[in-house]
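Trainee: Okay, here's the structure, questions in a sec.
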Amino acid sequence: MTATNGTGGPCRFCGRRRDPRAPGRNGPICVDCVRAGLRVVRDGADRESGAGDVLAAVTSPLAAVCDFCGRRERRTFLGLRRPLLRVDCAARDAVICVDCLDHAGDVLNVALRG
Ligand SMILES: [Zn+2]
Ligand SMILES: [Zn+2]
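Residues 240 to 353 in my numbering are what the sequence shown spells out, letter by letter.
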């Protein structure tokens with residue numbers, strides 16, 4: 240699977256078909272939104288997606304699950320649960336966690352180099 244095939248339509252976070260996009264269960268995320276999302280998780284400040292929608296940090300265990308992995312918390316090997324930092328785009332009802340942002344960044348880096 241490449242970053243741009245099988246991605247199932249426009250970016251979940253900005254609605255554009257900008258390439259490259261990393262695939263997700265409910266739709267892909269584009270390179271601009273991965274970059275913006277990684278900045279949000281780094282300092283917790285809101286950013287704008289490529290389409291001008293607000294991307295904001297989410298830490299509540301009760302908030303929506305990640306669209307890409309379905310998790311809302313991390314489980315440690317002792318069975319303890321820790322909050323899983325997520326970034327949401329409320330305008331588009333899209334959520335991605337920090338782990339999936341990292342993974343998407345890796346996928347897109349390979350695509351950009353190729
Ligand atoms: Zn996007
Ligand atoms: Zn995730």
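We treat Cβ as the ideally placed atom computed from N, Cα and C, and that holds for glycine.
Note that this is a predicted model, so its numbers are computed, not measured.
#1: Helix, strand or coil, according to DSSP, for R274 in the structure here?
#2: Can you list, in chain order, the residues of its chain whose CB lies under 7 Å from that of R278, leaving out five sequence neighbours each side?
#3: In the DSSP output, which residue or residues are listed as bridge partners for D327?
#4: Which residue from R352, G353, V349 and H342 puts its Cα closest to that of V219?
#5: Which residue wins for smallest C-alpha separation from L323, given the options A296, V349 and R331?
#6: By DSSP, does C308 sit in helix, in strand, or in coil?
#7: Return helix, strand or coil for A261, following the three-state DSSP convention.
#8: V293: which of L301, G283, T315 and G266 sits nearest, CA to CA?
#9: Against chain C, with Cβ distances strictly below 8 Å, would R274 count as a contact?
#10: If you follow the beta strand (DSSP E) that R256 is part of, which residue opens it and which one closes it?
#11: Can you tell me which of the three DSSP states T243 falls into?
Mentor: With the given structure in hand:
#1: For the purposes of this step, residue 274 is taken as residue 35 along the sequence shown, with counting starting at 1. In this structure, R274 counts as helix in the three-state DSSP scheme.
#2: Taking the first residue of the sequence shown as position 1, residue 278 is located at position 39. Closer than 7 Å at the Cβ level, and outside the excluded window around R278, lie R286.
#3: By 1-based counting over the sequence shown, the position of residue 327 is 88. In the DSSP output, where bridge partners are listed per residue, D327 has A295 and V334.
#4: No statement about residue 219 is possible, as the shown extent of the chain runs from 240 to 353 and does not include it.
#5: In the sequence shown, the residue the question calls residue 323 occupies position 84. For L323, the nearest C-alpha among the options comes from A296.
#6: Residue numbering aside, residue 308 sits at position 69 when the sequence shown is read from its first letter. Three-state result, C308: coil.
#7: Counted from its first residue, the sequence shown places residue 261 at position 22. If DSSP states are grouped into helix, strand and coil, A261 belongs with the strands.
#8: The sequence position of residue 293 within the sequence shown is 54, counting from 1. The residue with the shortest Cα to Cα distance from V293 is G283.
#9: This model lacks chain C altogether; it includes just one protein chain.
#10: As a first step, residue 256 must be located in the sequence shown, where it is residue number 17. Element bounds for R256: n/a, residue is neither H nor E.
#11: Residue mapping note: residue 243 aligns to position 4 of the sequence shown, counting from 1. Confidence at T243 is low in this model, with a pLDDT of 44, below 50, so its placement is unreliable and the value that follows should be read with caution. DSSP places T243 in coil when its eight states are reduced to three.
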